[in-house]
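Since the structure comes first, as structure tokens, the remarks are kept for the end.
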Amino acid sequence: MARNSLAKKNFSIKAIGLSLTVDTRGIWSTLGKNFPLVSSEPIMLNVHPGRKQYLMVLKYGVVVLINNSDIFEQKALAMIRPFLQEPLPSLNNEELKVTVDPNAQNKVLFDRVVVQREDEKYWQILGMLLAQSVALDFYEKKVDQLSADFSERLRMSASLLRRILYPKTSEIIANINQTIALHQDIIANLEVLDKPDLTWEGADLDTLYREFSGMLELPERISILEQKLTLLKEHMGMALDIISARRMELLEIVIIILIALSIIQGLFSLY
5 MARNSLAKKN FSIKAIGLSL TVDTRGIWST LGKNFPLVSS EPIMLNVHPG RKQYLMVLKY
65 GVVVLINNSD IFEQKALAMI RPFLQEPLPS LNNEELKVTV DPNAQNKVLF DRVVVQREDE
125 KYWQILGMLL AQSVALDFYE KKVDQLSADF SERLRMSASL LRRILYPKTS EIIANINQTI
185 ALHQDIIANL EVLDKPDLTW EGADLDTLYR EFSGMLELPE RISILEQKLT LLKEHMGMAL
245 DIISARRMEL LEIVIIILIA LSIIQGLFSL Y
């Protein structure tokens, strides 16, 4: 009877991409003095124990607001901004609806996650995965933009090649360097395929992690992204080889023309 009298509770978890990187050490040493520290990796602070509002900060510049409200969001972002490194020109975010229902089993639905009890470890898992999804969305758009820029450069160079004018090799090399750097950022920051140690603390935590990660399609998205990056690097390398080969051909033609002119000049001098 008492069990049925417990009411449901609804709230939201919001992940916001603010920066490419963030000074997590500074946040830990500064904000950690003012708020109870729930977790150090990633940083999770209980910024309002009475309202059970939490703030998570990921090293790749995503913050997560748990039990979010507009006022809480404004205050949290104001606290975090001094620690941002390489802020993004525009913010991207994802929001998750959570229902706490003591009479239900934990389950991941299309539009929300239902949990049986309020648990900081649940919030930590959901927040980490939602943050990874936001960061992954940024990288997906970045790779698509790199690919579009490279394709446009190739189209422009095709018309110039017909006029025996070739694009600068340095531009292709710069594209390759950007792609490699982006790939390294993804590998170093997201760690999407690695389960956190937290999932070993209980079967319910592991199940929640697997189901919500599957709903966000994180493994599939990171796999597709890595394939795109690999193909992009291969295509850029091939373009660089083709440009270099054609420049060598042009150089050979110029040398042949110079030799021919020298021979003709020599023949004229004989007469």
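Following the working numbering, the numbering of the sequence shown begins with 5 at its first residue and continues without gaps. All C-beta atoms, glycine included, are put in the ideal place defined by N, C-alpha and C.
Three-state class that DSSP yields for residue i in the structure shown
i: L113; result: coil
i: S33; result: helix
i: S73; result: coil
i: P106; result: coil
i: L100; result: strand
i: R166; result: Annotation note: pLDDT 48 at R166 (below 50); position unreliable, coordinate value reported separately. Correct three-state label for R166: coil.
i: L62; result: coil
i: P200; result: coil
i: F87; result: helix
8 Å Cβ cutoff, residue i in contact with chain C
i: N97; result: In the structure shown, chain C does not exist; there is a single protein chain.
Limits of the unbroken alpha helix (DSSP H) element including residue i
i: L41; result: First-last for L41: 41-44, but that is the beta strand (DSSP E), not the alpha helix (DSSP H).
Limits of the beta strand (DSSP E) - the one that residue i falls within
i: A207; result: A207 -> not in any beta strand (DSSP E); alpha helix (DSSP H) instead, spanning 207-220.
i: F15; result: 13-26
i: N50; result: 47-52
Straight-line Cα distance separating residue j from residue i
i: G289; j: A192; result: Past the edges of the chain, shown from 5 to 275, lies residue 289, and the structure says nothing about it.
i: F87; j: G30; result: 7 Å
i: H52; j: H187; result: 37 Å
i: K111; j: E156; result: 45 Å
i: E215; j: V118; result: 12 Å
i: L233; j: Y143; result: 11 Å
i: Y213; j: K12; result: 22 Å
i: N179; j: I268; result: 44 Å
i: G241; j: V147; result: 16 Å
i: S16; j: N71; result: 5 Å
i: P93; j: V26; result: 15 Å
i: R225; j: L140; result: 8 Å
i: A207; j: V42; result: 21 Å
i: F114; j: D105; result: 17 Å
i: I84; j: T28; result: 10 Å
i: A185; j: A152; result: 17 Å
i: Y126; j: S248; result: 55 Å
i: Q276; j: L69; result: Within the shown structure, residues of the chain are numbered from 5 to 275, placing residue 276 beyond reach of any answer.
i: L255; j: Q149; result: 34 Å
i: I129; j: M48; result: 11 Å
i: L59; j: N96; result: 17 Å
i: N14; j: Q231; result: 39 Å
i: Q136; j: L222; result: 8 Å
Buried versus exposed call for residue i [16 or more other C-beta atoms within 10 Å across all chains shown]
i: M5; result: Because M5 sits at a pLDDT of 40, beneath the cut-off of 50, its placement in the model cannot be relied upon, and the point is left open.
i: L229; result: buried
i: Q109; result: exposed
i: R7; result: Unreliable placement is indicated for R7, whose pLDDT of 48 sits below 50; the coordinate value is still reported in the next sentence. That one is exposed.
i: V67; result: buried
i: V258; result: exposed
i: S23; result: buried
i: K101; result: exposed
i: Q57; result: buried
i: S33; result: exposed
i: W204; result: exposed
i: S44; result: exposed
i: F154; result: buried
i: F272; result: exposed
i: I190; result: buried
i: K18; result: buried
i: L236; result: buried
At what residue ranges does the segment 112-152 contain a whole run of the beta strand (DSSP E), taking only runs of 3 or more? 117-119
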